[in-house]
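Which chain is which? The protein sequence lines are A and B, in order.
So the first sequence is numbered by numbering that gives the first Met the number 0: it starts at 0 and just counts up by one.
So the second sequence is numbered by numbering that gives the first Met the number 0: it starts at 0 and just counts up by one.
One structure is given here, and the rest of the page talks about it.
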Amino acid sequence: MRNLGTDENKKNEDGLSPELRKNPFSVPDDYFYTLKNNILLNTSIHTLSDSVFSTPADYQTQLTNSIIERIEEEKLKARISEDGFTVPTGYFDNLQKEIISQTVSEPKVIPIKKSKTAWMSYAAAACIAILISLFALFPQTQSNENSVANMSTSIDALPTEEIIDYLAFYSETGDLTALSDQLSEEPTNFTNSFSSDEIESYLENSI
Amino acid sequence: MEDALILEKFADTKTRDEAFGILLEKYQQKIYWHVRRFVLDHEDANDLVQDIFIKVWKNLDKFRADAQLYTWIYRIATNECITFLNRKKQNLSISLDDENSTFLADSLRETSYFNGNQAQLKLQKALLTLPDKQRLVFNMKYFDDLKYDDISAILGTSVGALKASYHLAVKKIEKFLSETD
Chain A
0 MRNLGTDENK KNEDGLSPEL RKNPFSVPDD YFYTLKNNIL LNTSIHTLSD
50 SVFSTPADYQ TQLTNSIIER IEEEKLKARI SEDGFTVPTG YFDNLQKEII
100 SQTVSEPKVI PIKKSKTAWM SYAAAACIAI LISLFALFPQ TQSNENSVAN
150 MSTSIDALPT EEIIDYLAFY SETGDLTALS DQLSEEPTNF TNSFSSDEIE
200 SYLENSI
Chain B
0 MEDALILEKF ADTKTRDEAF GILLEKYQQK IYWHVRRFVL DHEDANDLVQ
50 DIFIKVWKNL DKFRADAQLY TWIYRIATNE CITFLNRKKQ NLSISLDDEN
100 STFLADSLRE TSYFNGNQAQ LKLQKALLTL PDKQRLVFNM KYFDDLKYDD
150 ISAILGTSVG ALKASYHLAV KKIEKFLSET D
């Protein structure tokens, strides 16, 4: 707008009084001085907050993903919130009693299994010892024919009196059986060698 | 009663039984449901819960207060559950490399203590397709509403790994549910 003079009474080109150009607004005293200080103060606060609070790299992306995952979870919970499992009536009341009964001072427990095992092992050892002694005294006839042959030979070599004495003092049935097997022949005149009284006496004493 | 007070009472032989009763009152249901959701069968859960609390009773005097009491109990419970399932897998000649327990679906059908609707049954079947540890994470977060820090203390896994595991579990379950609709 062209200024046509300083004469306030004259109208400018717009047809408006130049007085209208005067600023009608006012400000508080020292406003512009305090304004400057306020602006400077606010900028320093922002500077401080920028330096104190920071976020991890790529935080906003992570935050978005977390929120979406939470929403998915909420959708599932809205659909199915309970698991459907139940318990027998009064279960939890009895459960506590049952657990506590197991924690009452335990009596000293003598492990039965252990002593059973020990007894059994002793018994097993004794059986083995007996078996070994039996095998030693009564070797298997099937196993080794040579040893059987040797035994029969050695028995034949024994004097008859010794065999009779042995049998008189040791009444092992097995011995009798083994010895009778080794006898080469039965005496045919056996019954004629002894009187009836002698046989009767023998039978009375051996039964 | 605060856990610290329970421990203090337990340390005193005169108040030990009382303390243990209070501990049972406080945690037995939580532990039961934690176990039950993992092994599914009520009888199995019952046996396990009793074994767990007997272990707690035997070892509570050795518990160091550097961990939370309930995360310690949960840890015992979780280890017992995993051992139980591994033993069951061995008995069924299932390889321990099979990380999930789909064989439990049979006990889900047979158990008389399941009153869930079709959707709940489907959810349990979906859970059985997850690896056991992931299923544990899901159960603890979804049903027990445990914090990740607590789950981390229980399982010895980092919070980040747990978060990833949980959200993967949610996705797998949603996929299973939508495919079987």
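Using N, Cα and C, we set each Cβ at its ideal position, and we do this for glycine too.
What you are looking at is a predicted structure, and each value in this text was computed from that prediction instead of being measured.
CB of residue i within 8 Å of CB of residue j, strictly
i: A:F84; j: B:Y112; result: yes
i: B:F9; j: B:Q27; result: no
i: B:A64; j: B:L23; result: no
i: B:Q123; j: A:D82; result: yes
i: B:A185; j: B:I30; result: Because chain B is modelled from 0 through 180, residue 185 of chain B falls outside the range shown and cannot be assessed.
i: B:Q71; j: B:F62; result: According to the sequence displayed, residue 71 of chain B carries Trp and not Gln. Yes. Within cutoff.
i: B:K171; j: B:L127; result: no
i: B:Q119; j: A:I67; result: no
i: B:S106; j: B:D40; result: yes
C-alpha distance - residue i paired with residue j, whole-angstrom precision
i: B:T156; j: B:K87; result: 25 Å
i: B:K121; j: A:T102; result: 39 Å
i: B:K162; j: B:F137; result: 10 Å
i: B:K25; j: A:K76; result: 26 Å
i: A:Y58; j: B:G159; result: 14 Å
i: A:Y121; j: A:L136; result: 22 Å
i: A:P87; j: B:F175; result: 31 Å
i: B:D2; j: B:V38; result: 28 Å
i: B:R182; j: B:E178; result: Chain B is shown from 0 up to 180; residue 182 of chain B falls before or after that span and cannot be answered.
i: A:S183; j: A:I127; result: Residue confidence is low: A:S183 scores 48 on pLDDT, short of 50, so the model does not pin down where it sits. Its coordinate-derived value is still stated next. Between A:S183 and A:I127, the C-alpha separation is close to 34 Å.
i: B:V34; j: B:L47; result: 8 Å
i: B:L68; j: B:A168; result: 28 Å
i: B:R134; j: A:S53; result: 35 Å
i: A:L130; j: B:Q89; result: 42 Å
i: A:S170; j: A:M119; result: Low confidence applies here, because A:S170 scores a pLDDT of 46, under 50, leaving its location unreliable and the question unanswered by this model.
i: A:P209; j: B:M139; result: No statement about residue 209 of chain A is possible, as the shown extent of chain A runs from 0 to 206 and does not include it.
i: B:D131; j: B:Y165; result: 12 Å
i: A:Q95; j: B:E109; result: 26 Å
i: B:N114; j: B:S92; result: 30 Å
i: A:N22; j: A:D28; result: 16 Å
i: B:E173; j: B:M0; result: 40 Å
i: B:D43; j: A:I99; result: 19 Å
i: B:K13; j: B:N45; result: 29 Å
i: A:K35; j: A:T63; result: 40 Å
i: A:T60; j: B:Y147; result: 21 Å
i: B:N85; j: B:D96; result: 10 Å
i: A:Y90; j: B:F19; result: 19 Å
i: B:L59; j: A:S65; result: 38 Å
Residues that residue i bridges to, as DSSP identifies them
i: A:F84; result: B:F113
Closer than 8 Å to chain E by CB, residue i
i: A:I98; result: This model lacks chain E altogether, as its protein chains are A and B.
Could you pull out every unbroken alpha helix (DSSP H) segment of at least 4 residues lying fully inside the stretch 90-124 of chain B, listed in chain order? You should have 104-109.
Scan the stretch 11-38 of chain B and note each continuous alpha helix (DSSP H) run of 4 residues or more that stays entirely inside, going in chain order. Taken in chain order, the complete alpha helix (DSSP H) segments of 4 residues or longer contained in the stretch 11-38 of chain B are 15-38.
Would the stretch 93-101 of chain B and the stretch 66-74 of chain A be scored as touching if the rule is three or more Cβ pairs under 8 Å? Touching, no, given that fewer than three Cβ pairs across the two stretches are closer than 8 Å.
The stretch 146-155 of chain B / the stretch 47-65 of chain B touching (three or more Cβ pairs under 8 Å): With a cut-off of 8 Å, the stretch 47-65 of chain B and the stretch 146-155 of chain B do not count as touching, because too few Cβ pairs lie within range.
Return the chain-ordered ranges of every beta strand (DSSP E) run that is complete within the stretch 21-80 of chain A and spans a minimum of 3 residues. Unbroken beta strand (DSSP E) stretches of 3 residues or longer found wholly inside the stretch 21-80 of chain A: none.
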